[in-house]
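Participant:
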Amino acid sequence: MHGEYKVPGGKLVVVDCDVENDSIVNVRLSGDFFLDPDDALLRMTGALEGAPASLSGVEIASRVEVGLDPDDVLMGVTPAAVGVAVRRALGHALSWDDIDFEVIHGPVVDPMINVAMDETLVEDVAAGRRKPFMRLWEWNGPQVVIGSFQSYQNEIQQDGVERYGITVSRRVTGGGAMFMEPGNCVTYSLVIPTALVEGMSFEQSYPFLDQWVMEVLAKLGVKAKYIPLNDIASEAGKIGGAAQKRWSNGYMVHHVTMAYDIDAVKMNEVLRIGMEKIRDKGTRSAVKRVDPMRSQIGLPREQILDTFYDHFKTKYNATDGEITEADIQRAKERCETKFATYEWVHRIP
C-alpha cells in the first residue's frame, strides 16, 4: 500500500505499508523533508508499526507525536501530514489524481443563482449526475453574500443596500460578508468528495485545497500568502477568503472570493464594517483592510480568469464542462423555496 501527501508550503511525505490482522505493518516512511536527529525517522515509523488500521488521521498523528522525543525537530513535515499519508495508503483518502474533474466558467446569472447552485450542484455530483468540478462565477448585478451564521442587521446597512440596488443573499457556508460587484471579484466553487481531505483538520484543508490558487497568483505576479484559517493576503491586506460546507452525502463545497478591484466607498455604505453590533447574535465579519489584485497587477479580469481556468485544467487534467439551462432552472426553484425567502436571508435577524 502506498500513499503520498504534499504539505502545503512544505515537503512530500510518502508512506508504504501493509495491513495484517487489521494492523499496520512493514511501515516505510520517506520524503524530501528534514529531521534532526536522523533516528527521529525510526521513532516515527515505530509509532506506526502495529497501529490499528482503523485509526483516524488525527489518531495516527497523535501516535507519531507521542513517539517522538522532545528534542526531535521536524522540518517540512508534521505528524498530521504523516496521518494523511497513512490514510491515503490505506485507501481511506483520495488524491487529486483520483478525481475526474470538470472546469466551468460562468454563465452570467442573477446574483442569487450562484449561491443556490452551491447547494444544487453538490446534490447533482453526489447523485452521479455530474462530475466533481471547479466553477468560476459570473453574475449580472451587485450583491452582498453573508455567511450562514451571520446576523443580517449586524452586517448590512439597509439604506445602502436600497440606494445601490444590492442583492443580499445568505450562503450555505460560514464565514464573513462579501461585497461582490460584477467585474470586481474572482470567485470560484470547488465541489469534491470529502475523501480528498480525509484525515485533515479544517485548518489543514483550506491551504491544501487552495494550493493551486496560490500557484496561479504567483504566476500572475500577485504576491500573496495563506493566513490561517482561511484568508489569502498580501503585505497590504486581505485579497480573499475561503469557506466550506461538508454534507453527509460524502461531498463538499469549498469556495473562494478574491477582490480584483473594489469600490471602498460603496462597500462602507453597504456593510457595517467595524460598526457597533445591533444584535447580540451571529458571527461578525472581521475588520480587515482589503488589498485587491489590481493594486499589484494591471491585467484585465478576463485574463486573470482565463489563467485560473487553464491552470486548473492543466494541473488536474480536467475537461471542459458547462452549466445547463436545467441546472439554472433547478437553482431558480431552490431560490424560490429557500435562498430568496425572507426566512432564509433573515434567519439570523
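Quick note on the UniProt record's numbering: the sequence shown kicks off at 1 and runs consecutively. All C-beta atoms, glycine included, are put in the ideal place defined by N, C-alpha and C.
1. Identify whether H254 lies in helix, strand or coil by the three-state DSSP scheme.
2. Mind checking which residues open and close the alpha helix (DSSP H) that includes V122?
3. From the DSSP output, in three-state form, read off F308 for me.
4. Provide the residue(s) that pair with T167 in DSSP beta bridges, ordered along the chain.
5. If we ignore side chains and look at the alpha-carbon of each, how far apart do K315 and V216 end up?
6. Report buried or exposed for Y188, applying the criterion of at least 16 other Cβ atoms within 10 angstroms of its Cβ.
7. Which parts of the segment 31–98 are runs of the alpha helix (DSSP H), unbroken and 4 residues or longer, counting only runs that do not cross its ends?
8. Can you give me the C-alpha to C-alpha distance between S169 and K245, rounded to a whole angstrom?
9. Just reading off the alpha helix (DSSP H) that F208 is part of, what are its end residues?
10. Thinking just about the alpha-carbon of each residue, which of N317, I60, F179 is nearest to the one in P52?
11. Which residues in the same chain as Q296 place their Cβ atom closer than 6 Å to its Cβ, once the five residues preceding and following it in sequence are excluded?
12. Three Cβ pairs or more, each shorter than 8 Å: is that satisfied between the segment 234–252 and the segment 337–344?
13. Which of helix, strand or coil does DSSP assign to A326?
14. Please classify A179 as buried or exposed, where buried requires at least 16 other C-beta atoms within 10 Å of its C-beta.
15. Do you know offhand how far I146's Cα is from Y260's?
16. Which two residues bound the contiguous alpha helix (DSSP H) that contains K6?
17. Using only alpha-carbon positions, find the residue among N114, L94, H346, I328 that is nearest to G141.
18. Could you say which of N184, P193, G46, E235 lies nearest to A264 if we only look at CA atoms?
19. Mind reading off the beta-carbon distance from V15 to A89? Whole number of angstroms is fine, and I expect it under 8 Å.
20. Nearest to G321 by alpha carbon, out of D39, L94, F101, H2?
21. Give me, in chain order, the residues of the same chain whose beta-carbon lies closer than 7 Å to that of M258; leave out the 5 immediate sequence neighbours on both sides.
22. Within its chain, find whatever has a CB closer than 6 Å to the CB of G160; leave out the 5 residues flanking it on each side and keep chain order.
23. Of the residues L220, K131, T319, which one's Cα is nearest the Cα of T307?
24. Suppose the cutoff is 6 Å on Cβ atoms and the five residues either side in sequence are ignored; what does the same chain contact list for W137 look like?
25. Taking Cβ to Cβ, would you say V191 is nearer than 8 Å to V125?
26. Within the continuous beta strand (DSSP E) that includes Y188, where are the two ends?
27. Please list, in chain order, all residues of the same chain as F33 whose beta carbon is under 6 Å from its beta carbon, the five residues on each side excluded.
28. Taking G165 as the reference, give the member of G175, A242, E181 with the closest Cα.
29. Determine the closest residue to M112 out of T167, Q157, H346, E123, with distance taken between C-alpha atoms.
30. Do you know how far the Cα of I262 is from the Cα of V287?
31. By how many angstroms is the C-alpha of V7 removed from the C-alpha of Q329?
32. Would you give the residue range spanned by the alpha helix (DSSP H) that E343 belongs to?
33. Under a three-way DSSP split, which group does W247 fall into?
34. Between which two residues does the alpha helix (DSSP H) carrying Y152 extend?
35. Drop a sphere of 10 angstroms on the beta-carbon of Q143, count the other beta-carbons inside from all chains shown, and report buried for 16 or more, exposed for fewer.
Facilitator: Here's the rundown:
1. DSSP places H254 in strand when its eight states are reduced to three.
2. 111–126
3. Residue state, collapsed to three classes: helix.
4. Q143
5. 11 Å
6. buried
7. 40–48, 57–67, 79–89
8. Inter-residue distance for S169 and K245 is about 16 Å (C-alpha atoms, whole angstroms).
9. 202–209 is the extent of the alpha helix (DSSP H) around F208.
10. I60
11. V222
12. These segments do not touch.
13. helix
14. As written in the sequence, residue 179 is Phe, which differs from the Ala given in the question. Buried is the call here.
15. 19 Å
16. Note, K6: premise wrong, no alpha helix (DSSP H); beta strand (DSSP E) at 2–6.
17. N114
18. Among N184, P193, G46, E235, the Cα nearest to that of A264 is on N184.
19. Contact flag correct, Cβ pair sits at about 5 Å.
20. Distance from the Cα of G321 is smallest, within the candidate group D39, L94, F101, H2, for F101.
21. Closer than 7 Å at the Cβ level, and outside the excluded window around M258, lie C185, V186, I232, I239, G240, M293.
22. E269, V270
23. The alpha carbon of T307 has as its nearest neighbour, out of L220, K131, T319, the alpha carbon of L220.
24. Taken in chain order, the residues that qualify are N114, T187.
25. yes
26. 185–193
27. K11, G76, V77
28. E181
29. T167
30. With a pLDDT of 48 at V287, under the threshold of 50, the modelled position of that residue is not reliable, and no figure is offered here.
31. Answer to the nearest angstrom: the Cα atoms are 40 Å apart.
32. 342–345
33. coil
34. 152–155
35. buried
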